[in-house]
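Chemist: Quick one: this structure, given as structure tokens, is what I'll be asking you about.
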Amino acid sequence: MFKDACAELAVVPKPEIKLEESAVLFAGMSPVRVPGVFTTEVLCDVSESRRVDLLALKKIGGGTWFDYCREYQATLDSWLRGVGFYRAQSRAVVVDSTNPLSVLVLLSLRTPERTVAFTIVADKDSTAVEQNTSYTFLELARRKGIPLVLASVSQVKELEFLVESEGLLVGFKAFERLVAYFVGALPVLSDFMRSDLRLGVTVHTFSAVMAASGLVFTSPSEIFRLQIEQLSGEARPDELVTAYLLASGSNSMREELVMAFDRFTRGLVNLITKDNALETRADEVDLYDVIILFGLKDARIQLSLARGYERIAKETKNLRVEELEKIV
Amino acid sequence: MKRSFRLSGILYRGKSYGPGSLFIDSESKKIEIEYQKGFIRKHQVRLLEFDGNTSRPLIKDAKVILGDANVFLGSPDDSKAFEMLVARPNVEGILKEVEESIRRFFLSRASALVLRRAVGLNPREALLAFAEDVPDGRDPLEIMISNSDAGLTRAIDEMNATLEARLKEVPPEVSNRIYAMIYAVGLFQDSIDNRDDARRKEVIAFLTKVSPGKYLETESANIGVENAAVELLKSAFDSFSVP
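Same order as they appear, the protein sequences are chains S and W. Following the numbering used here, the numbering of the first sequence begins with 278 at its first residue and continues without gaps. Following the numbering used here, the numbering of the second sequence begins with 23 at its first residue and continues without gaps.
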């Protein structure tokens, strides 16, 4: 009797694994942690170390994106698999693409599907090396088919939000707040990005108004008008081919916001699709956040970096996009 | 346990050595023959050693044939007693071997349980600890679990092979008790893993019936799943008696 029962001992129950559905990797910038989202970072340090929430790579003195990719591609790849990054249904990387680590991160992404990259990109004021790094990042993202949400260095500098309980957030602090919003809405945002990928739209820009209220804006339509002004440095209205509204506000505001968004998008002559995702604020205060992601017809931003890229690529053969193929 | 018999005579390779003694270790079945030497100051001198495991002594009435030697036991009762000792399986030796194979199985099972708990509690930590050993393109978690399962299957197969081979030599009631002990230790391991105090106490009560002994130290809930089985098994085997 017991002999037969002993066979049961050979079977131990399978572990029940609960992992967050969204995962975000930050590279070259401090992570913004959002509850319920697996957040981790890769950075440069004096020595190498690996934890679940951090991969520190030994800094390469004067290292370019090529040096980091050649040295650490396998390390980052194994670590990403190890921390279960690919087990998340929705994934994002948040990078400053002027930082060499950004190219390493993109190169190491094994399965780019369901991954969105929130990226700070170089602009005309950036150095040629920064432009070369940023350009390489954008080109690699294009080749891998990774949707991008871009903010130029100058756009980040000019961002400012008045946020209840936090006060006025300016520049990078405001960008971090925005990233937190995107990360919190990652599953919805990933759906929007997948829809755009099917239409061949991979590059996005955004406009945002946080904690808006009836005291400042007489109607939601005014907010959307302001958003076009915010975009003026980044894209022209005729370049916008898709528009996705991410908003949160009180229940009473929802309908009004959607109607205003519809009116607003009618003015975008080249728009091919639009969608919205509204969230009810738990506090029921009459404040609302309005963020619009715009899909762009072409990668004008990337073209604006081509000169800086070529300048460096001509002098340093390693720093050409084609060199990445040799590493992989 | 060693037992001695008086010998009335010894004939070894054609030479007679007179009276002497036969010593037999009931567990190892090692047999030693000594003969008496000297007239005034008599003393025993070892004549030969015989391994009762490799070849069985032949017993005919009071005569025992040990290879090249014929020795003569003092009485028919001695002959009977000697025959029983030779025929009796080396239960202690068998139990020792069986215990070791069971111990190895429970250590492997404990590793599997610990791994599953670690993966359940902090999957990313567990994955990261293992990821470096995983071949390119494979899922670390699947490999981790399948390696653990394979290790456990191997361990139970090895244990079963030892049990099948060795428990044939002991009476069925002894082997049944051993299987009951294995099952109880497995349940105990699970109760530690599941932090099920009531179950743990039930298992100890059951085990006390199978092999009456002291299990106080292993009753503690603080004992780890790795040590639980090893400690319990040791206590059970230490107090395991064969009638």
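Ideal Cβ placement from N, Cα and C applies to all residues, glycine included. These figures come from a predicted structure and were not determined experimentally.
Would you say residue 469(S) and residue 524(S) are within 9 Å of each other, going by their C-beta atoms?
Modeler: For the purposes of this step, residue 469(S) is identified with residue 192 of the first sequence, where counting begins at 1. For the purposes of this step, residue 524(S) is identified with residue 247 of the first sequence, where counting begins at 1. Not closer than 9 Å, so no.
Chemist: Could you name each continuous beta strand (DSSP E) segment of 3 residues or more that falls completely within the segment 356-403 of chain S, going from the start of the chain to the end?
Modeler: 367-373, 392-398
Chemist: Quick check on residue 329(S) - is its C-beta less than 9 Å from some C-beta in chain W?
Modeler: Walking along the first sequence from the start, residue 329(S) turns up at place 52. It does; some Cβ of chain W falls within 9 Å.
Chemist: Would residue 54(W) count as contacting chain S if we go by Cβ distances under 9 Å?
Modeler: Indexing the second sequence from 1 puts residue 54(W) at position 32. Residue contact check for residue 54(W) against chain S: no CB pair falls below 9 Å.
Chemist: Put residue 73(W) into one of helix, strand or coil per three-state DSSP.
Modeler: Working through the second sequence from its first residue, we reach residue 73(W) at position 51. Three-state result, residue 73(W): strand.
Chemist: Pick out whichever of 359(S), 352(S), 391(S), 350(S) has its Cα sitting closest to the Cα of residue 370(S).
Modeler: Along the first sequence, read from residue 1 onward, the residue named residue 370(S) stands at position 93. Distances from the alpha-carbon of residue 370(S) to those of 359(S), 352(S), 391(S), 350(S) put 391(S) closest.
Chemist: With a threshold of 9 Å between beta-carbons, can residue 599(S) be considered close to chain W, or not?
Modeler: Numbered from 1 along the first sequence, position 322 holds the residue referred to as residue 599(S). No, because no Cβ of chain W sits closer than 9 Å to the Cβ of residue 599(S).
Chemist: Using 8 Å as the cut-off, classify the Cβ of residue 91(W) as near or not near the heavy atoms of the ligand ADP, replying yes or no.
Modeler: Absence of the ligand ADP from the depicted structure is noted, as is the absence of any ligand whatsoever, leaving it without description.
Chemist: Helix or strand or just coil, what does DSSP make of residue 115(W)?
Modeler: Numbered from its first residue, the second sequence carries residue 115(W) at position 93. Secondary structure at residue 115(W): helix, using DSSP grouped into helix, strand and coil.
Chemist: Tell me whether residue 246(W) is buried or exposed, calling it buried when 16 or more other Cβ atoms sit within 10 Å of its Cβ.
Modeler: Position 224 of the second sequence, counted from the first residue, corresponds to residue 246(W). Classification of residue 246(W): exposed, given that the 10 Å Cβ count is below 16.
Chemist: Less than 6 Å between C-beta atoms, sequence neighbours within five positions excluded: which residues of the same chain meet that for residue 148(W)?
Modeler: One-based indexing of the second sequence puts residue 148(W) at position 126. Hits under 6 Å: 140, 141.
Chemist: Taking the alpha-carbon positions, what's the residue 185(W) to residue 121(W) distance?
Modeler: For the purposes of this step, residue 185(W) is taken as the residue at position 163 of the second sequence. For the purposes of this step, residue 121(W) is taken as the residue at position 99 of the second sequence. Answer to the nearest angstrom: the Cα atoms are 10 Å apart.
Chemist: Residues bridged to residue 30(W) by DSSP?
Modeler: Within the second sequence, numbered from 1, the residue matching residue 30(W) stands at position 8. Note: residue 30(W) sits in no beta bridge, so no partner.
Chemist: Is the beta carbon of residue 548(S) closer than 9 Å to that of residue 426(S)?
Modeler: As a position in the first sequence, residue 426(S) is number 149, starting the count at 1. As a position in the first sequence, residue 548(S) is number 271, starting the count at 1. No. Outside cutoff.
Chemist: Should residue 305(S) be labelled buried (16 or more other beta-carbon atoms within 10 Å of its own) or exposed?
Modeler: In the first sequence, residue 305(S) corresponds to position 28, counting from 1. Burial call: buried.
Chemist: So residue 147(W) contacts chain S; which residues on that side make the cut at Cβ distance below 8 Å?
Modeler: Reading the second sequence from its first residue, position 125 is the one you call residue 147(W). Within 8 Å Cβ-Cβ: 329.
Chemist: Taking only the alpha-carbon atoms, compute the straight-line gap between residue 30(W) and residue 62(W) and give it to the nearest angstrom.
Modeler: As a first step, residue 30(W) is located in the second sequence; it is residue number 8 there, counting from the start. As a first step, residue 62(W) is located in the second sequence; it is residue number 40 there, counting from the start. Cα-Cα distance, rounded: 19 Å.
Chemist: Span of the beta strand (DSSP E) holding residue 3(W)?
Modeler: This structure cannot settle anything about residue 3(W), because the visible part of chain W is limited to 23 through 265.
Chemist: Residues in the same chain with beta-carbon distance under 8 Å from residue 303(S), minus the five sequence neighbours each way, listed in chain order, please.
Modeler: By one-based count along the first sequence, residue 303(S) stands at place 26. If we look at residue 303(S) and ignore the five residues flanking it on each side, its Cβ neighbours are 309, 316, 317, 318, 319, 370, 371, 372.
Chemist: Determine the direct distance from the alpha carbon of residue 567(S) to that of residue 497(S), and round the result to whole angstroms.
Modeler: Looking up residue 497(S) in the first sequence gives position 220. Looking up residue 567(S) in the first sequence gives position 290. Taking the straight line from one Cα to the other gives about 9 Å.
Chemist: Skipping 5 residues on each side, what residues in its chain have a beta carbon closer than 7 Å to that of residue 343(S)?
Modeler: On the first sequence, residue 343(S) is found 66 positions in, with the first residue counted as 1. 595, 596, 600.
Chemist: Report back the beta-carbon spacing between residue 133(W) and residue 180(W) to the nearest angstrom; my notes put them in contact at under 8 Å.
Modeler: On the second sequence, residue 133(W) is found 111 positions in, with the first residue counted as 1. On the second sequence, residue 180(W) is found 158 positions in, with the first residue counted as 1. Under the criterion of beta carbons closer than 8 Å, residue 133(W) and residue 180(W) do not qualify as touching, at roughly 15 Å.
Chemist: What residue from 224(W), 162(W), 210(W), 90(W) has the CA that sits closest to residue 361(S)'s CA?
Modeler: Reading the first sequence from its first residue, position 84 is the one you call residue 361(S). Of the residues 224(W), 162(W), 210(W), 90(W), the one whose Cα lies closest to the Cα of residue 361(S) is 162(W).
Chemist: Does chain W have any CB closer than 9 Å to the CB of residue 347(S)?
Modeler: Stepping through the first sequence from its first residue, residue 347(S) is reached at position 70. Not one chain W Cβ lies under 9 Å of residue 347(S).
Chemist: Would you grab the beta carbon distance between residue 572(S) and residue 473(S) for me? Rounded to a whole angstrom, and I think it's under 8 Å.
Modeler: Taking the first residue of the first sequence as position 1, residue 572(S) is located at position 295. Taking the first residue of the first sequence as position 1, residue 473(S) is located at position 196. Yes, residue 572(S) and residue 473(S) are in contact; Cβ-Cβ is about 5 Å, under 8 Å.
Chemist: Residues in the same chain with beta-carbon distance under 7 Å from residue 25(W), minus the five sequence neighbours each way, listed in chain order, please.
Modeler: Residue 25(W) sits at position 3 when you count from the first residue of the second sequence. Hits under 7 Å: 46, 48, 107.
Chemist: Please return the same chain residues whose Cβ sits closer than 8 Å to the Cβ of residue 345(S), not counting the five positions on each side in sequence.
Modeler: Locating residue 345(S) in the first sequence gives position 68, counting from the first residue. Result list for residue 345(S): 334, 337, 377, 378, 380, 381, in chain order.
Chemist: If you draw a straight line from the alpha carbon of residue 505(S) to that of residue 395(S), how long is it in whole angstroms?
Modeler: Along the first sequence, read from residue 1 onward, the residue named residue 505(S) stands at position 228. Along the first sequence, read from residue 1 onward, the residue named residue 395(S) stands at position 118. Going from the Cα of residue 505(S) to the Cα of residue 395(S) covers about 20 Å.
Chemist: Starting from residue 202(W), trace the beta strand (DSSP E) in both directions and tell me its first and last residue.
Modeler: Locating residue 202(W) in the second sequence gives position 180, where the first residue counts as 1. Bounds of any beta strand (DSSP E) do not take in residue 202(W); it lies within the alpha helix (DSSP H) bounded by 194-215.
Chemist: Does DSSP put residue 63(W) in a helix, a strand or coil?
Modeler: The sequence position of residue 63(W) within the second sequence is 41, counting from 1. Here residue 63(W) sits in coil by DSSP.
Chemist: Report the three-state DSSP secondary structure of residue 303(S) (helix, strand or coil).
Modeler: Looking up residue 303(S) in the first sequence gives position 26. Strand, per DSSP.
Chemist: Output the distance between the C-alpha atoms of residue 449(S) and residue 128(W), rounded to the nearest integer angstrom.
Modeler: Locating residue 449(S) in the first sequence gives position 172, counting from the first residue. Locating residue 128(W) in the second sequence gives position 106, counting from the first residue. Their backbone Cα atoms lie some 56 Å apart in a straight line.
Chemist: According to DSSP, is residue 589(S) part of a helix, a strand, or is it coil?
Modeler: The residue labelled residue 589(S) in the question sits at position 312 within the first sequence. In the structure shown, residue 589(S) sits in a helix (DSSP, three-state: H, G or I).
Chemist: Is the beta carbon of residue 296(S) closer than 9 Å to that of residue 365(S)?
Modeler: Position 88 of the first sequence, counting from 1, holds the residue named residue 365(S). Position 19 of the first sequence, counting from 1, holds the residue named residue 296(S). Yes, the Cβ-Cβ distance between residue 365(S) and residue 296(S) is below 9 Å.
Chemist: Please report the residue range of the beta strand (DSSP E) in which residue 85(W) lies.
Modeler: Your numbering for residue 85(W) matches position 63 in the second sequence. Where residue 85(W) is concerned, the enclosing beta strand (DSSP E) stretches over 85-88.
Chemist: In the DSSP assignment, the beta strand (DSSP E) including residue 494(S) goes from what residue to what residue?
Modeler: As a first step, residue 494(S) must be located in the first sequence, where it is residue number 217. From DSSP, residue 494(S) is part of no beta strand (DSSP E); its letter is neither H nor E.
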